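Q:
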Amino acid sequence: MRQSKRMRSPGAWLDEYSWEERMECRKRRKRDSYSSERENRSRRNPHCHKTLEGHYLEAHSLNQRLDSQEMYPCEHSLDVACDDDSREETHKDRDDWHHYSKSSGRNEIVCTLGEGAFGKVVECIDHSNEGARVALKIIKNIDRYREAALSEVEVLKQLKSLDADNKYACVHMLDWFDYHGHVCIVFELLGLSTYDFLKENNFQPFPVKHIRHMAYQIIRAVKFLHKNKLTHTDLKPENILLIDSDYNMAYNRAKRRDERTLKSPDIKIVDFGNATFDHEHHTSVVSTRHYRAPEVILDLGWDHSCDVWSIGCILIEYYLGTTLFQTHDSKEHLAMMERVLGPIPTNLLEKTKKRRYVHRNRLDWDVHSSSGRYVRKHCRPLKHYISSKTEDHRQLFDLIEKMMEYDPAKRLSLEQALHHPFFSCLYKTSNSRKSNSRGSSTRSSSSSSSVGSK
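Counted the way numbering that gives the first Met the number 0 counts, the sequence shown spans residues 0 to 453.
Structural data, given as structure tokens:
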């Protein structure tokens, strides 16, 4: 029944953009950092009437956070899109926020980690837990945000009970409480999002060895969700956080600039505000635009496999450094898919409720229009994006291609994905370590026996 408590997912763009507007959006996307900023661009467009809801746990590296001088983020006005009827409610919420930051004895606010329509995420010193550093997500005291946050709390509770040992890469809720109408969720403190790391590294791609490590963790974590009848529905680089975003810096002579390389590619998945259990109502639109599966755009219904498509989009973005499908229009999005992956199967187009996208069982698309030229210029067949002919690169693209299969029934399952050859070296490394460990134990046992016999 949670669907009545949640707004539609971010990224449900409702209006068509001109070529000039699209180019401006591309420029803004490079400028924007936080997930809420990336999503809320549509608010600034007068033709877009959608109100967006953010559920993002953003974080900066520890040194950056400690250098921040903003001790009371509430003193800065929230960037809130609201109509006249909600202005009074929003003003009250700001007063409550100010009250929280000044009078909460348990959590001492250090700095702001991120903010959005839902409220803010701040770094705190938890004085009830020996001064531990935590991330505190503080939700505005507005009914629709409170209800969505309480739904997320229920999901997080279940995930923690199912993964008490924290073996899977899903963020753990440490605690939650209600403070004068504000739902406050306490999380472990993490590093930058993978999107922000890309941004701060001038959108330089991740090394393939790091993509492999992150991909394995993401797939394993989402498989854990699916096994427990839960679909995330909003997987994207902003919702994949690095556990530690420390890096090594090296100068790239070919590109004449410094480049960052992560010390550790360990990650965690965050933002379960739109997660949906199998038995719950499935809203027609889910996922942020750039990572939305074709069956969602065509209104064919969706299941766990929409997460698989999103992961495929994330992995190609890690490889390229930029989003594969740069668009805000559904028909153009489908045209980009066809340009990259080939024609959409006729059986899917025959079943779609979006008849305006189809003509004679084919995508109704004019390749000679300005949008058509834009798609031809900015999209290429998938295999043309491979930057190296090595086996690692070939295997990665084979995995991505199978995860981005149009037909959900034929799309690679996450169980199959974990056993893809792209990850075989991880299993070899693991088996080698186990063998070495057993060998050491055997030698130690033999040595002990020899000493005993003497």
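Backbone N, C-alpha and C fix where the C-beta goes; we use that ideal spot for every residue, glycine too. Since this is a predicted model, take the numbers as computed values, not measurements.
Which one of Gly104, Lys136, Glu129 has the shortest CA to CA distance from Arg113?
A: What you label residue 113 is simply residue 114 of the sequence shown in a count that begins at 1. For clarity, residue 113 is Gly in the given sequence; the question names Arg instead. Gly113 has its Cα closest to that of Lys136, out of Gly104, Lys136, Glu129.
Q: How should Pro293 be labelled, buried or exposed, when 16 other C-beta atoms within 10 angstroms of its C-beta is the threshold for buried?
A: Here residue 293 corresponds to residue number 294 of the sequence shown, with the count starting at 1. Per the 10 Å Cβ criterion, buried.
Q: Could you have a look at His419 and say whether DSSP puts it in helix, strand or coil?
A: For the purposes of this step, residue 419 is identified with residue 420 of the sequence shown, where counting begins at 1. DSSP places His419 in coil when its eight states are reduced to three.
Q: Within its chain, find whatever has a CB closer than 7 Å to the CB of Trp301; leave out the 5 residues flanking it on each side and keep chain order.
A: Residue mapping note: residue 301 aligns to position 302 of the sequence shown, counting from 1. So the list reads His281, Val285, Ala292, Glu294, Val295, once near-sequence residues are dropped.
Q: Please work out which residues of its chain come closer than 7 Å, Cβ to Cβ, to Gly320, disregarding the five sequence neighbours upstream and downstream, and give them in chain order.
A: As a position in the sequence shown, residue 320 is number 321, starting the count at 1. So the qualifying residues of the chain are Leu197, Phe202, Gln203, Pro204.
Q: Using beta-carbon positions only, say whether Lys382 and Tyr356 come within less than 8 Å of one another.
A: The count along the sequence shown starts at 1 and reaches residue 382 at position 383. The count along the sequence shown starts at 1 and reaches residue 356 at position 357. Cβ atoms of Lys382 and Tyr356: not closer than 8 Å.
Q: Give me the Cα-Cα distance between His419 and Glu107, rounded to the nearest whole angstrom.
A: As a position in the sequence shown, residue 419 is number 420, starting the count at 1. As a position in the sequence shown, residue 107 is number 108, starting the count at 1. If I take the Cα positions, the gap works out to 46 Å.
Q: How about Asp306 and Leu398: do their beta carbons lie closer than 8 Å?
A: Locating residue 306 in the sequence shown gives position 307, where the first residue counts as 1. Locating residue 398 in the sequence shown gives position 399, where the first residue counts as 1. No, the Cβ-Cβ distance between Asp306 and Leu398 is not below 8 Å.
Q: For Lys29, name the three-state secondary structure that DSSP assigns.
A: Along the sequence shown, one-based indexing puts residue 29 at 30. The predicted model places Lys29 with a pLDDT of 44, which falls under 50 and marks its position as unreliable, so this point remains unresolved.
Q: Report the partner residues of Lys136 according to the DSSP bridge assignment.
A: By 1-based counting over the sequence shown, the position of residue 136 is 137. According to DSSP, Lys136 bridges with Val120, Ile184.
Q: Judging by CA-CA distance, which residue of Thr345, Thr260, Phe396, Lys353 is the nearest neighbour of Ile315?
A: Counted from its first residue, the sequence shown places residue 315 at position 316. Closest option to Ile315, Cα to Cα, is Phe396.
Q: How about Glu122 and Leu188: are their beta carbons less than 8 Å apart?
A: Here residue 122 corresponds to residue number 123 of the sequence shown, with the count starting at 1. Here residue 188 corresponds to residue number 189 of the sequence shown, with the count starting at 1. Cβ distance < 8 Å, so Glu122 and Leu188 count as in contact.
Q: Just verifying my parser: in three-state terms, what is the DSSP assignment at Asn128?
A: By one-based count along the sequence shown, residue 128 stands at place 129. Of the three classes helix, strand and coil, the one that applies to Asn128 here is helix, per DSSP.
Q: Please report the distance separating the alpha-carbon of Asn200 from that of Arg372.
A: The residue you call residue 200 lines up with position 201 of the sequence shown. The residue you call residue 372 lines up with position 373 of the sequence shown. Distance between the alpha carbons of Asn200 and Arg372: 30 Å.
Q: According to the Cβ coordinates, are Arg132 and Ile124 closer than 8 Å?
A: Within the sequence shown, residue 132 is the residue found at index 133, counting from 1. Within the sequence shown, residue 124 is the residue found at index 125, counting from 1. By the CB criterion at 8 Å, Arg132 and Ile124 fall inside the cutoff.
Q: Please confirm if the stretch 210–229 is in contact with the stretch 167–177, defined as three or more CB-CB distances below 8 Å between the two stretches.
A: By the Cβ criterion, the stretch 210–229 is in contact with the stretch 167–177, since at least three pairs of Cβ atoms, one from each stretch, lie closer than 8 Å.
Q: How should Asp365 be labelled, buried or exposed, when 16 other C-beta atoms within 10 angstroms of its C-beta is the threshold for buried?
A: Taking the sequence shown and counting its residues from 1, one reaches residue 365 at position 366. Its Cβ having fewer than 16 others within 10 Å, Asp365 is exposed.
Q: Across which residues does DSSP place Ile268 in a beta bridge pair?
A: Along the sequence shown, read from residue 1 onward, the residue named residue 268 stands at position 269. Its beta-bridge partners are Cys169, Ile239.
Q: May I ask you to report which of helix, strand or coil DSSP gives Tyr405?
A: For the purposes of this step, residue 405 is taken as residue 406 along the sequence shown, with counting starting at 1. Coil.
Q: If you draw a straight line from the alpha carbon of Leu348 to that of Met402, how long is it in whole angstroms?
A: The residue given as residue 348 occupies position 349 in the sequence shown. The residue given as residue 402 occupies position 403 in the sequence shown. Going by the C-alpha atoms only, they are around 20 Å apart.
Q: What is the DSSP secondary structure of Ile108, reduced to helix, strand or coil?
A: On the sequence shown, residue 108 is found 109 positions in, with the first residue counted as 1. Residue state, collapsed to three classes: strand.
Q: Tell me the rounded alpha-carbon separation between Gln157 and Ala253.
A: Taking the sequence shown and counting its residues from 1, one reaches residue 157 at position 158. Taking the sequence shown and counting its residues from 1, one reaches residue 253 at position 254. The alpha-carbon atoms of Gln157 and Ala253 are separated by roughly 49 Å.
Q: I need the DSSP call for Arg379, collapsed to helix, strand or coil.
A: On the sequence shown, position 380 is the one that residue 379 refers to. Here Arg379 sits in coil by DSSP.
Q: Could you check the C-alpha separation between Asp270 and Trp308 for me, to the nearest Å?
A: Walking along the sequence shown from the start, residue 270 turns up at place 271. Walking along the sequence shown from the start, residue 308 turns up at place 309. Whole-angstrom Cα-Cα distance: 18 Å.
Q: Since Phe396 sits in a beta bridge, which residues does DSSP pair it with?
A: By one-based count along the sequence shown, residue 396 stands at place 397. Its beta-bridge partners do not exist; DSSP assigns none.
Q: Taking all protein chains shown into account, do 16 or more other C-beta atoms lie within 10 angstroms of the C-beta of His367, making it buried, or fewer, making it exposed?
A: If you number the sequence shown from 1, residue 367 lands on position 368. Exposed, because fewer than 16 other Cβ atoms sit within 10 Å of the Cβ of His367.
Q: When the Cα atoms are used, what is the spatial distance from Gly272 to Trp175?
A: Residue 272 sits at position 273 when you count from the first residue of the sequence shown. Residue 175 sits at position 176 when you count from the first residue of the sequence shown. Distance from the CA atom of Gly272 to the CA atom of Trp175, rounded to whole angstroms, is 14 Å.
Q: Could you give the distance in angstroms between the alpha-carbon of Thr322 and the alpha-carbon of Leu261?
A: As a working mapping, residue 322 is identified with position 323 in the sequence shown. As a working mapping, residue 261 is identified with position 262 in the sequence shown. Their Cα atoms are separated by approximately 20 Å.
Q: According to DSSP, is Ser192 part of a helix, a strand, or is it coil?
A: Taking the first residue of the sequence shown as position 1, residue 192 is located at position 193. Three-state result, Ser192: strand.
Q: So what's Asn346 in DSSP terms, helix, strand or just coil?
A: For the purposes of this step, residue 346 is taken as the residue at position 347 of the sequence shown. Helix, per DSSP.
Q: Go to Glu258, then tell me how far its beta strand (DSSP E) extends in each direction, as first and last residue.
A: As a working note, residue 258 is residue 259 in the sequence shown. Glu258 -> beta strand (DSSP E) spans 256–261.
Q: Alpha carbon to alpha carbon, how far is Glu146 from Thr230?
A: As a working mapping, residue 146 is identified with position 147 in the sequence shown. As a working mapping, residue 230 is identified with position 231 in the sequence shown. So the two alpha carbons sit approximately 19 Å from each other.
Q: Tell me whether Gly371 sits in a helix, a strand or coil according to DSSP, three-state version.
A: As a first step, residue 371 is located in the sequence shown; it is residue number 372 there, counting from the start. DSSP places Gly371 in helix when its eight states are reduced to three.
Q: Anyone know if the C-beta pair for Ile242 and Thr193 falls short of 8 Å?
A: Translated into the one-based positions of the sequence shown, residue 242 becomes position 243. Translated into the one-based positions of the sequence shown, residue 193 becomes position 194. No, the pair does not count as a contact, with Cβ atoms beyond the cut-off.
Q: For Asp406, count neighbouring C-beta atoms within 10 Å of its own C-beta (all shown protein chains included) and say buried if the count is 16 or more, exposed if not.
A: On the sequence shown, residue 406 is found 407 positions in, with the first residue counted as 1. Exposed, by the Cβ-count rule.
Q: Could you give the C-beta distance for Leu264 and His212, rounded to a whole number, given that I count them as a contact under 8 Å?
A: The residue you call residue 264 lines up with position 265 of the sequence shown. The residue you call residue 212 lines up with position 213 of the sequence shown. The sequence given here has Pro at residue 264, not Leu. Between His212 and Pro264 the Cβ distance is about 4 Å, and since that is below 8 Å, they are a contact.
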